[in-house]
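Numbering-wise, the UniProt record's numbering puts 190 at position 190 of the sequence shown, and it's gapless, one number per residue. Backbone N, C-alpha and C fix where the C-beta goes; we use that ideal spot for every residue, glycine too. To start, the structure under review is shown below, and the notes come after it.
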Amino acid sequence: MTDALPSVTSKQSTTSLILSKILTSPTLSVDIIHSVDNVDIIHNHHNVTIFYNKNTSLYNYLLSDSKNVSYVTNDSKYFPLYDYDERSFALSLLITLKILLMLFIILSAIFGNLLVIVSVMQHRKLRVITNYFVVSLAFADMLVAFGAMGFNLSVEIFNRWLFGYFMCDVWNSLDVYFSSASILHLCCISVDRYYAIVQPLDYHQIMTKSRLLIMLCIVWLSPALVSFLPIFLGWYTTHQHQMFRSHNPNMCIFVVNRVYCVVSSCVSFWIPGVIMIYMYYQIYKEADRQEHVLFRSRVAAALLNKHLQINGITASRLDLQDTSVEIEDGIMHPISDSTPNMKRERKAARTLGIIMGTFILCWLPFFLWYVITSLCGEACDCPDYVVAIFFWIGYFNSTLNPLIYAYFNRDFREAFKNTLQCAFCSLCRREPSDLDELDIRRASLRYDDRTKSVYSDTYLKHHIDRRTSSEFGSSL
Numbered sequence: 001m002t003d004a005l006p007s008v009t010s011k012q013s014t015t016s017l018i019l020s021k022i023l024t025s026p027t028l029s030v031d032i033i034h035s036v037d038n039v040d041i042i043h044n045h046h047n048v049t050i051f052y053n054k055n056t057s058l059y060n061y062l063l064s065d066s067k068n069v070s071y072v073t074n075d076s077k078y079f080p081l082y083d084y085d086e087r088s089f090a091l092s093l094l095i096t097l098k099i100l101l102m103l104f105i106i107l108s109a110i111f112g113n114l115l116v117i118v119s120v121m122q123h124r125k126l127r128v129i130t131n132y133f134v135v136s137l138a139f140a141d142m143l144v145a146f147g148a149m150g151f152n153l154s155v156e157i158f159n160r161w162l163f164g165y166f167m168c169d170v171w172n173s174l175d176v177y178f179s180s181a182s183i184l185h186l187c188c189i190s191v192d193r194y195y196a197i198v199q200p201l202d203y204h205q206i207m208t209k210s211r212l213l214i215m216l217c218i219v220w221l222s223p224a225l226v227s228f229l230p231i232f233l234g235w236y237t238t239h240q241h242q243m244f245r246s247h248n249p250n251m252c253i254f255v256v257n258r259v260y261c262v263v264s265s266c267v268s269f270w271i272p273g274v275i276m277i278y279m280y281y282q283i284y285k286e287a288d289r290q291e292h293v294l295f296r297s298r299v300a301a302a303l304l305n306k307h308l309q310i311n312g313i314t315a316s317r318l319d320l321q322d323t324s325v326e327i328e329d330g331i332m333h334p335i336s337d338s339t340p341n342m343k344r345e346r347k348a349a350r351t352l353g354i355i356m357g358t359f360i361l362c363w364l365p366f367f368l369w370y371v372i373t374s375l376c377g378e379a380c381d382c383p384d385y386v387v388a389i390f391f392w393i394g395y396f397n398s399t400l401n402p403l404i405y406a407y408f409n410r411d412f413r414e415a416f417k418n419t420l421q422c423a424f425c426s427l428c429r430r431e432p433s434d435l436d437e438l439d440i441r442r443a444s445l446r447y448d449d450r451t452k453s454v455y456s457d458t459y460l461k462h463h464i465d466r467r468t469s470s471e472f473g474s475s476l
């Protein structure tokens with residue numbers, strides 16, 4: 001039971017009396033921690049801090065009576081505070097939801113990217129040059145979850161740094177390194193798609209395995225120049241911040257100087273972002289040009305076929321099976337957009353374009369904050385919770401990439417399904433899929449991925465379906 005606090009008149013107008021609701025036992029035990037002017041700080045056994053004016057009779061009242069209710073006084077005015085229990089519950093609920101959301105992002109990034117790696121390893125059809133970049137990107141995103149998100153989560157939970165001065169430099173280095181590597185992988189993927197669509201005849205001469213290896217080495221080594229090297233040598237920050245860190249080892253704040261801000265942001269985001277935008281713009285132009293060329297060629301074929309039919313000449317030799325134009329009442333109507341190969345390339349470009357767009361939306365807010373606050377200083381200060389949101393939106397990009405693959409790429413979707421079926425099946429046995437049959441069929445027909453032999457994917461798929469239906473009929 002709690003009784004109302006008797007009226008206590010404060011004679012000191014310069015000191016406000018702040019009380020927190022005290023849940024007491026029959027005997028209130030308090031400790032005097034320290035005193036500032038006329039204000040003492042009392043800490044009870046319920047971890048509730050009380051600021052009081054020791055020149056008033058409240059001091060004696062607190063020590064003599066344990067049945068108190070929270071009040072705030074300024075001069076002689078009293079009013080009740082928010083209920084401590086309700087505020088504590090709301091704060092605990094908010095912290096719990098924040099932790100659960102962060103754990104969801106971390107676990108999704110780990111298992112989603114692990115699924116990408118395992119799927120490419122198990123399905124030979126996915127082992128093309130572009131997907132080597134994708135696997136390397138998935139590995140980088142997994143390391144973002146382990147090396148960057150994990151430490152950030154601990155700071156958000158405990159509201160302080162727990163691992164000392166040296167590990168603070170390690171965390172900052174890993175954060176910059178893995179995030180930069182992830183972004184550079186997306187840049188390499190856009191370059192690969194540019195040559196595959198804009199220069200398809202020269203693609204296999206340009207994107208050889210040796211060049212692939214060189215590009216991957218650059219992607220993994222260059223981020224160290226803006227992460228481990230300047231951070232451990234102290235080039236990234238100011239002397240004042242280094243002194244602050246040496247006196248506050250329980251705080252890990254990443255404060256950078258202007259030179260490092262400009263260089264690191266350009267290497268990690270702005271230059272790769274500009275390259276990606278340019279590459280995908282060129283891909284869009286080329287795809288649009290090829291579509292118009294293809295449309296005009298099929299229009300000419302359709303007109304020729306119409307002319308031959310009018311003159312009574314058969315056009316059986318004129319193969320219009322894939323013609324995307326028909327003529328009705330003198331008007332040309334498109335039937336389909338493009339050939340299967342063109343559709344596949346454009347769909348791949350669209351998927352990677354969505355990945356790039358998602359990357360920009362996720363990382364642009366963070367890098368805008370990073371550059372603006374570093375260049376203009378304290379005048380552009382930003383609340384801590386906003387900074388945390390920017391960080392985790394950027395981290396969320398590492399979670400989204402596998403989801404984009406699964407939704408927009410049929411081969412990855414099929415591989416993901418088969419991999420998950422194998423993982424959750426007790427005997428780890430699954431029925432062979434069209435994806436595996438295509439792999440077997442390519443091997444039996446000596447399908448050459450470099451020269452793209454006459455056996456197309458459409459032919460192989462049709463042959464498999466026909467063989468499956470015949471086997472099913474014979475079993476009946």
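- With a cut-off of 8 Å on Cβ pairs, the segment 88-106 is not in contact with the segment 115-131, counting fewer than three such pairs.
- If you look at Asp141, you'll find it in the alpha helix (DSSP H) that goes 129-143.
- If you draw a straight line from the Cα of Val155 to the Cα of Tyr194, it comes to about 41 Å.
- CA-to-CA, the gap between Thr237 and Tyr260 works out to about 8 Å.
- With a threshold of 16 other beta carbon atoms within 10 Å, Ile157 falls short and is exposed.
- Residue range 239-247 is occupied by the alpha helix (DSSP H) that includes Met243.
- Assignment of Tyr177 by DSSP, reduced to helix, strand and coil, places it in the helix class.
- Rounded to whole angstroms, Thr351 and Phe366 show a C-alpha spacing of 24 Å.
- Taking the Cα positions, Ile197 is about 19 Å away from Lys125.
- Note on Gly273: 16 or more other CB atoms within 10 angstroms of its CB, so buried under the neighbour-count rule.
- Taking 8 Å as the upper bound for CB-CB distance, Met149 and Ile106 are in contact here, some 5 Å apart.
- In its chain, beyond the 5 residues on either side, Phe178, Ala181, Ser182, His185 have a beta carbon closer than 7 Å to the beta carbon of Ala140.
- For the pair Ile231 and Ser173, the CB atoms are nearer than the 7 Å cut-off.
- Every alpha helix (DSSP H) of 4 residues or more that sits fully in the segment 182-226 is shown, in chain order, as 203-206, 209-221.
- Separation of the CB atoms of Trp363 and Phe254 is rounded to 16 Å, and the pair is thereby denied contact status at 8 Å.
- In this model, Phe163 and Pro249 are separated by some 8 Å (Cα to Cα).
- It is roughly 42 Å from the alpha-carbon of Asn418 to the alpha-carbon of Trp369.
- Take Gln282, set aside five residues on each side of it, and the residues of its chain with a beta-carbon closer than 8 Å to its own are Tyr194, Val198, in chain order.
- Counted as a single uninterrupted DSSP element, the alpha helix (DSSP H) harbouring Val155 occupies residues 150-158.
- Taking a 10 Å sphere around the C-beta of Asp384, we find fewer than 16 other C-beta atoms and assign the residue as exposed.
- Within the same chain, no Cβ atom closer than 6 Å to the Cβ of Ile360 is found once the five residues on either side in sequence are excluded.
- Excluding its 5 nearest sequence neighbours in each direction, Phe408 has C-beta neighbours in its own chain below 6 Å: Thr351, listed in chain order.
- Ser297 has its alpha-carbon roughly 52 Å from the corresponding atom of Ile372.
- The continuous alpha helix (DSSP H) containing Arg410 extends over residues 410-424.
- Scanning Phe111, Val135, Asn152, Ile117 for the CA closest to the CA of Lys98 turns up Asn152.
- For Ser190, the closest alpha carbon among the candidates Leu137, Ser222, Met276, Phe228 is that of Met276.
- Counting the other Cβ atoms within 10 Å of the Cβ of Leu213 gives fewer than 16, which makes it exposed.
- By alpha-carbon distance to Cys252, the top candidate from Ser264, Asn159, Gln290, Ser374 is Asn159.
- Taking the Cβ atoms as the reference, Asn401 lies roughly 6 Å from Ile355, within the contact range of under 8 Å.
- The shortest C-alpha to C-alpha distance from Ala145 to any of Val120, Trp171, Phe166, Met121 is the one to Trp171.
- CA-to-CA, the gap between Phe166 and Tyr395 works out to about 23 Å.
- Looking at Cys168, Leu225, Phe424, Cys376, the one whose alpha-carbon comes closest to that of Cys266 is Leu225.
- Per the C-alpha coordinates, the member of Val176, Val387, Ala379, Ser374 positioned closest to Phe228 is Val176.
- By the neighbour-count definition (other C-beta atoms within 10 Å, threshold 16), Asp288 is an exposed residue.
- Ile389 is the residue among Arg410, Val134, Ser136, Ile389 whose C-alpha sits nearest the C-alpha of Leu101.
- When secondary structure is reduced to three states using DSSP, Val118 falls in the helix class.
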